[in-house]
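According to the UniProt record's numbering, the sequence shown is numbered sequentially starting from 1.
Glycine included, every Cβ here is placed at the ideal spot set by N, Cα and C.
A short write-up of the structure that comes next.
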Amino acid sequence: MLYYMPLFYAFSKGLSALQQTVRLLPFVLPFIVTVVIIAACLPRVKHYGLIYLAGGAITLGSATALATTLAPNVSESKVMGLTALVGVGLGLHFQHSNAISNRIHKDLRDRIEGAALLNMSLMGGISMALIIAGAVYENRGMSLLKSALGSFDYDEGDLREALAGVSRETGGGDEAHSMIAYGANATCKAIALLFYIVASSGALCLACGVLAVFGRSRAKKSQ
């Protein structure tokens with residue numbers, strides 16, 4: 001979100017860096033507020049599986065909606081609303097597993113091992129997600145740009161600069177406007193594909209929430 005949404009606003013809306021930052025606030029602020037609220041309520045909540053269930057469902061739905069609707073002509077309010085929902089969904093299950101582990105495990109050694117596992121999983125997951133997102137954006141974006149701008153005189157270096165958000169001057173006229181429109185459409189398609197990674201994380205958390213809720217129910221019945 002934080003890496004590629006500014007590129008979407010730059011390509012499709014032509015916004016400056018400050019304007020792009022302002023439009024990321026609907027994602028950042030709900031995320032922070034949700035994390036703080038859940039962290040405060042978690043010690044009092046017994047059915048923590050419901051938090052993962054809700055967070056996974058919200059993340060899956062909002063990220064899928066972004067992936068399917070993201071386009072140069074989509075309204076900014078719609079994009080910011082969906083990113084706010086993604087922020088809420090991610091905030092519901094971000095780093096709360098450490099507090100849950102500490103509540104379940106009373107032994108100090110188990111708590112330390114749980115914290116170590118959390119850190120390895122978190123850092124490893126973030127690294128893998130960024131690697132996959134970068135590979136998808138670079139390869140798919142280049143393919144789409146070559147198809148869209150094949151009739152224009154641009155070599156591969158120029159296309160890679162454009163994909164990174166830095167390109168040479170296009171000049172004016174109808175041809176330049178057409179080139180910008182084709183390029184914006186191609187890069188928006190590449191960015192939209194990345195939200196399926198976010199949606200897959202939501203699906204994983206949703207599945208974990210379902211297993212946690214039903215596992216707790218079965219444990220109560222067996223008792």
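Annotation: residue 46 to residue 215 spans about 13 Å, alpha carbon to alpha carbon. When the Cα atoms are used, residue 71 and residue 130 turn out to be separated by approximately 22 Å. Residue 109 and residue 102 do not touch by the CB rule: their CB atoms are close to 12 Å apart, not below 8 Å. Counting C-beta pairs with one atom in each stretch, the segment 23-38 and the segment 58-71 have fewer than three that are closer than 8 Å, which means they do not touch.
Nearest C-alpha to residue 160 among 148, 180, 147, 138: 138. For residue 100, same chain residues with a beta-carbon under 8 Å away, outside a window of 5 residues either side, are 42, 48 in chain order. A buried status is given to residue 51, since no fewer than 16 other beta-carbon atoms sit within 10 Å of its beta-carbon. The C-alpha of residue 189 lies about 17 Å from the C-alpha of residue 82. Per DSSP, residue 95 lies in no alpha helix (DSSP H) segment and is marked neither H nor E.
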